[in-house]
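First to last, the protein sequences are chains A and B.
Its first residue numbered 41, the first sequence is counted upward by one per residue in the numbering used here.
Its first residue numbered 619, the second sequence is counted upward by one per residue in the numbering used here.
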Amino acid sequence: MAMVTKSPPYMLAWTSKSFISPRAKLLIFLTALSPAIRLIWYGFDDGLGANPIEFITHFTGTWGIVFLCLTLAITPLRVSTGWNWLISYRRMLGLFCFFYALLHFLTWSVLDKNLDLHEIYADFFKRTFITFGLLAFLCLIPLAMTSTKKMQKMLGRNWSVLHRLIYAIGIFVVLHYLIHKAAKNNFGTVTIYMVIIGSLLLWRLRRWYIKRSNNVRT
Amino acid sequence: MKPYLHRIPASEITAKEIYDQRRHFLKVAATGALGLEMSQWFTRNALAGSLTGKPNPNFSVLEKPTSLKDITNYNNYYEFGTDKSDPAANAGSLQTSPWKVSVEGLVGKPRTFDLDDLLKLAPLEERVYRMRCVEGWSMVIPWVGYSLSTLLKQVDPLGSAKFVEFVSLADKKQMPRVNSRVLNWPYTEGLRLDEANHPLTLLTLGLYGETLPKQNGAPVRLIVPWKYGFKSAKSLIKIRLVEKQPSTSWNDANAGEYGFYSNVNPEVDHPRWSQASERRIGDAKGIFAPKIKTLKFNGYGDQVASLYAGMDLKKFY
Chain A
41 MAMVTKSPPY
51 MLAWTSKSFI
61 SPRAKLLIFL
71 TALSPAIRLI
81 WYGFDDGLGA
91 NPIEFITHFT
101 GTWGIVFLCL
111 TLAITPLRVS
121 TGWNWLISYR
131 RMLGLFCFFY
141 ALLHFLTWSV
151 LDKNLDLHEI
161 YADFFKRTFI
171 TFGLLAFLCL
181 IPLAMTSTKK
191 MQKMLGRNWS
201 VLHRLIYAIG
211 IFVVLHYLIH
221 KAAKNNFGTV
231 TIYMVIIGSL
241 LLWRLRRWYI
251 KRSNNVRT
Chain B
619 MKPYLHRIPA
629 SEITAKEIYD
639 QRRHFLKVAA
649 TGALGLEMSQ
659 WFTRNALAGS
669 LTGKPNPNFS
679 VLEKPTSLKD
689 ITNYNNYYEF
699 GTDKSDPAAN
709 AGSLQTSPWK
719 VSVEGLVGKP
729 RTFDLDDLLK
739 LAPLEERVYR
749 MRCVEGWSMV
759 IPWVGYSLST
769 LLKQVDPLGS
779 AKFVEFVSLA
789 DKKQMPRVNS
799 RVLNWPYTEG
809 LRLDEANHPL
819 TLLTLGLYGE
829 TLPKQNGAPV
839 RLIVPWKYGF
849 KSAKSLIKIR
859 LVEKQPSTSW
869 NDANAGEYGF
879 YSNVNPEVDH
889 PRWSQASERR
899 IGDAKGIFAP
909 KIKTLKFNGY
919 GDQVASLYAG
929 MDLKKFY
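So, in structure tokens, the structure goes:
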């Protein structure tokens, strides 16, 4: 049997209520939205620099990966701290990851490539970092589409199987970023994300392994 | 009870000007504009003096020059950091005076030039060149300088000299990122001797009628307008004439992506992106500006294509 982590009762008494109150949810929502608002502000304030499309591409990509890390961090954090209320933010964080990834994709396809399908198609097959970036984005779409409670109910057990795609997305995103930076040996920032996503995935692998060996024993 | 304010001694009260300065600093810091503000300060700081050249219309394009702000705030100068805004923020520590350039190797009269020698060697010209970065963006820049061939003539190249190696300064004390592993330092570039002697190849001392800003490679750099920007080495300290093709920094770092020749060529893609088109920095249409078509040899084909007659430019990219 898998272990069920239970929060101490005194924590449940106040955390679950105050941390998932509508006001707290709104606060987290606005915080998560604030980079996008800042980007619009930059646009009107001549703050996008000499190469605005490059700036927007990097900005939206960075926030996409930040929200991916946050989404992946929920379960390990919840299990190790017992703060079960964390789970009620996972969907929002995941959808923000999709939101910034969508902006990132649109910046590339519409602003940079002018929706030139021929060029987009050629890039997908020719340039490995584009291949992984697009794969990650394509995998995010079904996850965003099935994120509602209704879909969750409808899909039942399949829902959690489908949403394991997020692990593949994590790997694709790291490869996307890493290959992009590799040619210039410029590994500074990408290493940080690689370590974060890598440890979050390894944590799951370890848990799965422990669970499996427990099952075998019993 | 007396109001609280009355109990503060006069010496403790912050003067209005200082208060305002602090307010301004906080405001700037809070809006995240500190970096921008600092970079503007460095830009002003870096533009030390006027350095005008006689406009040379034969070697100038008619396109609208990129703004000084963009030219001095969007730079690749990895000795000061890999972000485009890093050089403007960090290059203030570069000491450009005194400065010496040693011209040596397979030459009859090796010589070390100081900056004054270089400024007096030939009449300065202003040439408006296109600058195409290998990353897919471009600018139009009014450089000040003269043909490198004028300098090379001074040292009497020997018949055995076939290539020219350019070495940039690499001083950890002045350049915070020289300890990074992005490239092997010092930054080294190279040209074939006939490329180096081509009249378009410019020994550059200024831009926009001023001495070179530090983030643009002060006090003296190379400009080779028909090649990708990284061929135009900055802050030169050594120019060496050699017999064999010298190794160059980017080619060492990633030979598959950065060739020795690196002529601008829309027909040869970079492995990670197409080189068929480019984004012109500072286009008034902003994020909706369409890309412009990249020209072979960056539009300087009439002058330089003959240098590569009979060569397979896909092989020698």
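Virtual Cβ for every residue (Gly too), placed ideally from N, Cα, C.
With 16 other Cβ atoms within 10 Å as the buried cut-off, status of residue i
i         : result
Ser880(B) : buried
Tyr805(B) : buried
Ala664(B) : Below a pLDDT of 50, predicted positions are generally treated as unreliable, and Ala664(B), at 46, falls in that range; the measurement from the model is reported next regardless. Classification of Ala664(B): buried, given that the 10 Å Cβ count is 16 or more.
Thr661(B) : Since pLDDT at Thr661(B) reaches only 46, below the 50 mark, its modelled position is unreliable, and the value read off the structure follows with that caveat. When all chains shown are included, Thr661(B) counts as buried.
Ile80(A)  : exposed
Ser161(A) : Looking at the sequence provided, one finds Tyr at residue 161(A) rather than Ser. The residue is exposed, with fewer than 16 neighbouring Cβ atoms inside 10 Å.
Met194(A) : exposed
Lys852(B) : buried
Ala927(B) : exposed
Lys933(B) : exposed
Glu94(A)  : buried
Arg799(B) : exposed
Ala836(B) : buried
Phe145(A) : buried
Arg890(B) : buried
Proximity test, Cβ basis, 8 Å: residue i and chain B
i         : result
Trp173(A) : According to the sequence as given, residue 173(A) is Gly; it is not Trp. No, its Cβ sits nowhere closer than 8 Å to a Cβ of chain B.
Pro92(A)  : yes
Phe99(A)  : no
Asn154(A) : yes
Phe169(A) : yes
Leu151(A) : yes
Ile105(A) : no
Ile96(A)  : yes
Own chain, CB closer than 6 Å to residue i, minus 5 neighbours either side, in chain order
i         : result
Val842(B) : Thr819, Lys849 and Ser850
Arg244(A) : none
Trp868(B) : Phe848 and Tyr876
Ser253(A) : none
Tyr233(A) : Ile105
Tyr935(B) : Gly877 and Val886
Proximity to residue i [Cα-Cα], best of the options
i         : options                                       : result
Leu143(A) : Asn226(A), Leu180(A) and Gly196(A)            : Leu180(A)
Glu744(B) : Gly824(B), Lys687(B) and Ala779(B)            : Gly824(B)
Trp103(A) : Phe59(A), Gly196(A) and Pro75(A)              : Pro75(A)
Gly763(B) : Phe906(B), Ser892(B), Thr822(B) and Asp734(B) : Thr822(B)
Glu813(B) : Val922(B), Leu931(B), Gln863(B) and Tyr696(B) : Val922(B)
Gln893(B) : Ala902(B), Val860(B), Thr829(B) and Leu913(B) : Leu913(B)
Glu861(B) : Pro728(B), Arg810(B) and Ala871(B)            : Arg810(B)
Asp930(B) : Pro673(B), Ala709(B) and Asn883(B)            : Asn883(B)
Val106(A) : Ser128(A), Tyr129(A) and Gly134(A)            : Gly134(A)
Pro683(B) : Asp920(B), Ala902(B) and Tyr935(B)            : Ala902(B)
Asn225(A) : Thr700(B), Ser668(B) and Ala907(B)            : Thr700(B)
Trp717(B) : Gln833(B), Gly900(B) and Ser786(B)            : Ser786(B)
Lys909(B) : Ser756(B), Pro831(B), Gly723(B) and Ala779(B) : Ser756(B)
Interface flag, residue i vs chain A, CB-CB below 8 Å
i         : result
Arg890(B) : yes
Thr829(B) : no
Ile899(B) : yes
Thr806(B) : no
Thr866(B) : no
Gly943(B) : In this structure chain B extends from 619 to 935, so residue 943(B) is not present and cannot be described.
Leu665(B) : Caution is warranted here: a pLDDT of 48 is assigned to Leu665(B), below 50, making its placement in the model unreliable, and no coordinate value can be reported.
Thr670(B) : no
Thr700(B) : yes
Tyr935(B) : no
Tyr926(B) : no
Asp688(B) : yes
Asn834(B) : no
Val773(B) : no
Tyr826(B) : no
Pro817(B) : no
Arg799(B) : yes
Ala871(B) : yes
Same chain only: Cβ atoms within 7 Å of residue i, ignoring 5 sequence neighbours per side
i         : result
Ile857(B) : Val719, Val721, Val782 and Phe784
Trp803(B) : Ala788 and Val796
Tyr918(B) : Leu818, Pro843 and Trp844
Glu159(A) : Lys153
Leu126(A) : Ile114, Leu117 and Arg118
Tyr249(A) : none
Own chain partners of residue i with C-beta closer than 8 Å, once the 5 adjacent residues on each side are dropped
i         : result
Glu681(B) : Val746, Arg748 and Val758
Gly726(B) : Val773, Asp774, Pro775 and Leu776
Leu736(B) : Val719, Leu769, Leu821, Leu823 and Val838
Ser149(A) : Leu155 and Ile160
- When Cβ atoms are compared, which residues of the segment 746–757 of chain B fall closer than 8 Å to chain A? Trp755
- Task: Give the residues from the segment 66–94 of chain A that approach chain B closer than 7 Å (Cβ to any Cβ), ordered along the chain.
- Result: Gly89, Ala90, Asn91, Pro92 and Ile93
- Message: Tell me which residues of the segment 903–921 of chain B have at least one Cβ-Cβ distance to chain A shorter than 7 Å, keeping chain order.
- Response: Gly904, Ile905 and Pro908
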